[in-house]
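The next block holds one structure in the form of structure tokens; read it before the comments.
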Amino acid sequence: MSLADDPSGAIQKILGPYIRPREEVAQIRRILALHLDSCLIKDAPVTAPLALVEPSEVNLSTARGLHREYLEALSANRKARDEHDAYCQGPKGPRHDESASSSVIPASGDTQLQAHLETLSLQKRQEKLQVIEKHLSQLKQKPAAAQDFLDPREIFKHSRSLPEIPSEIVNAISLDQTTSSTQLEELLDQLEKHVLQAKMLLKREEQLLEQVKSRSSARAEDISGSAKFEALNTTRNELISWIETELGKASGDGPADDDQRGQHNRGLVDQTRRMDEQLASIKGKYAKYLEARKALLQLASQQATPDIKPPPPPANNPKVEAAAPIPAPPPFTHLLSPYLKELLALAHEQKGLIAQKSHLNTAISKQLKENCQGLDRLAEESQLIPRHPMPDASRRKQTFGDTVAASEGGLDPSSRVKPWVFAADSAKIATLEAVAEKIEEGQIALESSMRTIGEIDQLLGRQPPPSGSLEQGDQVVKDDIWLAEGRPAGKAAALRKHADRKGSVTRPSEDVWDMLDGKLGLLRADDDQI
11 MSLADDPSGA
21 IQKILGPYIR
31 PREEVAQIRR
41 ILALHLDSCL
51 IKDAPVTAPL
61 ALVEPSEVNL
71 STARGLHREY
81 LEALSANRKA
91 RDEHDAYCQG
101 PKGPRHDESA
111 SSSVIPASGD
121 TQLQAHLETL
131 SLQKRQEKLQ
141 VIEKHLSQLK
151 QKPAAAQDFL
161 DPREIFKHSR
171 SLPEIPSEIV
181 NAISLDQTTS
191 STQLEELLDQ
201 LEKHVLQAKM
211 LLKREEQLLE
221 QVKSRSSARA
231 EDISGSAKFE
241 ALNTTRNELI
251 SWIETELGKA
261 SGDGPADDDQ
271 RGQHNRGLVD
281 QTRRMDEQLA
291 SIKGKYAKYL
301 EARKALLQLA
311 SQQATPDIKP
321 PPPPANNPKV
331 EAAAPIPAPP
341 PFTHLLSPYL
351 KELLALAHEQ
361 KGLIAQKSHL
371 NTAISKQLKE
381 NCQGLDRLAE
391 ESQLIPRHPM
401 PDASRRKQTF
411 GDTVAASEGG
421 LDPSSRVKPW
431 VFAADSAKIA
441 TLEAVAEKIE
451 EGQIALESSM
461 RTIGEIDQLL
471 GRQPPPSGSL
481 EQGDQVVKDD
491 IWLAEGRPAG
501 KAAALRKHAD
511 RKGSVTRPSE
521 DVWDMLDGKL
531 GLLRADDDQI
């Protein structure tokens, strides 16, 4: 069998250096005990730690160098520890003792405390920053943190597109925009200005022509034909040059401008035509309105006249029937006008009543809602209703339909007041029962104390209480029983049993010394005779 197959042999081989015989172990223990005994301080308990410093004073005169500094620091530390222990164990002194004791603490302790406080504050700040970073990362994961969350294109992506605007409206808007700059009145004003300018130029040319005629002494008959020919030739040349310059200016506009001008003129013509048609229709409607108004005023001003029909002609005269014209139906609107006025007044009054009723309904519903909310809040905060719930509320739980009906419009304050009334009645009954129990316990304790006092009186040989007091006590018990009729059945039965128990108690008529035989004197006389 190999070593790997035998686990006990492997363990024994591993623990071989640490296993010693008994004699060697006993010798090692004796050596350790002597060493520890030499290290122990005199008159010190064996259980005290070896690392503590000896409490006796150390002579610093013999120490030198670092050993002396170490001993001085050690004595200062020990003194501070002693003062601290004395301060902790003794009563707290006034303020100057605290300041004196705090002055003993070395500066190194203050620095360590400050460093510890700064570390704690930094840790708290780090925790806060970590919490903020965590919540910020959570907010970044929300859909509202995306850049395109409020983008109108993303918002209205899945919504229905708006209907297209009709072409007639677009054309009308464009026509209005093109014709808005040049109105008809402005065109008329410009035309009048041009006409005035042409008239002024014509007058000026006429004046210049008269001045030239007055200055020239030569007559028309004296002018030769060659001079006239030259004058006409120069005039023709100047006219041709002027026409060419004007055509060159007008050629820059092109045919597009001509088309636009033609369309613009046609639009103006159409617009003026439509305006004339609208004005004519408005005038016709206004004339009809004036005629109807005049007829209505005439009917209202006329007095009511009885409608008396002429007697019908005889039936055997066909000529008269043919000759007699058919009478026109009399107007009856003047008869309906007062009724229409009354109906109009009633309609206005009914409209006001409906508005007032709706206002009152809204005010009452608002007040009921506020009252129901207040009752619900008080019911949630109350400690009386959970202690005394209604039987129906405990048997049947409120369903989802009841909750929806109550939220939609079931504002019934009486249903919210019923739990309060039931809880108040239950609390009153519970209070009365508790008071009755306490009174019963007090009566039982009083009877037991009276019974104990009676027994003590019997043992002491005092006179028993008069029968009148007992009867009075019975009467008090009976009165209590009659008073207990208003209580529950269990309490009344307990009081009756208690009264019966009190009446059944036997009251001894004599003291305890009456049990002894009264012939002791005769026995004493017999002894004297003997």
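For this note's numbering, add 10 to where a residue sits in the sequence shown, where the first one is 1.
Ideal Cβ placement from N, Cα and C applies to all residues, glycine included.
In the displayed model, GLU174 falls within coil according to three-state DSSP, outside both helix and strand. Here ALA446 is buried. Its C-beta has 16 or more other C-beta atoms within 10 Å. Separation of THR282 and GLN207 (C-alpha to C-alpha, rounded to the nearest whole angstrom) is 26 Å. Here ILE463 is exposed: its Cβ has fewer than 16 other Cβ atoms, across all protein chains shown, within 10 Å.
DSSP places ILE38 in the uninterrupted alpha helix (DSSP H) bounded by 32-49. Counting C-beta pairs with one atom in each stretch, the region 349-360 and the region 381-401 have fewer than three that are closer than 8 Å, which means they do not touch.
For the pair of segments examined, the region 69-77 was found not to touch the region 88-101: the number of CB pairs separated by less than 8 Å stays below three. Looking only at GLU451, LEU378, TYR28, the smallest Cα-Cα distance to SER424 is reached by LEU378. The beta carbons of LEU194 and LEU278 sit closer together than 9 Å. For the pair GLN37 and SER48, the Cα-to-Cα distance works out to about 17 Å. The same chain holds no residue with a CB closer than 6 Å to that of ALA455 once the five nearest residues on each side in sequence are set aside. The three-state secondary structure of GLN157, taken from DSSP, is coil.
If you compare the alpha carbons of GLU391, ASP422, PHE432 with that of PRO401, the shortest gap goes to PHE432. Looking at the backbone, the Cα of LEU257 and that of GLY294 are separated by about 50 Å.
Looking at the backbone, the Cα of LEU219 and that of ASN275 are separated by about 38 Å. At least 9 Å separates the beta-carbon of ALA156 from that of LEU149. Around the C-beta of PRO176, fewer than 16 other C-beta atoms lie within 10 Å, and the residue is accordingly described as exposed.
Straight through space, the alpha carbons of CYS382 and GLU443 are spaced by roughly 33 Å. Taking the Cα positions, GLU128 is about 34 Å away from GLN151. In the three-state scheme derived from DSSP, where H, G and I count as helix and E and B as strand, GLY75 is classed as coil. With fewer than 16 other Cβ atoms inside 10 Å of its own Cβ, PRO27 counts as exposed. In this structure, the alpha-carbon of GLU215 lies about 41 Å from that of MET285. Under the three-state reduction of DSSP, LYS167 is assigned to coil, being neither helix nor strand. With a 10 Å radius around the Cβ and a threshold of 16 neighbouring Cβ atoms, PRO162 comes out exposed. For PRO429, the enclosing alpha helix (DSSP H) has its first and last residue at 423-470. Around the beta carbon of PRO429, 16 or more other beta carbons lie within 10 angstroms, which makes this residue buried. Assignment of LYS152 by DSSP, reduced to helix, strand and coil, places it in the coil class.
Taken through DSSP and simplified to helix, strand or coil, HIS369 comes out as helix. ARG30 and SER71 have their C-alpha atoms some 49 Å from each other. Around THR245, the same chain offers no residue with a beta carbon nearer than 7 Å, after the five sequence neighbours per side are excluded. About 32 Å separates the Cβ atoms of ARG426 and LEU363, ruling out a contact at the 8 Å cut-off.
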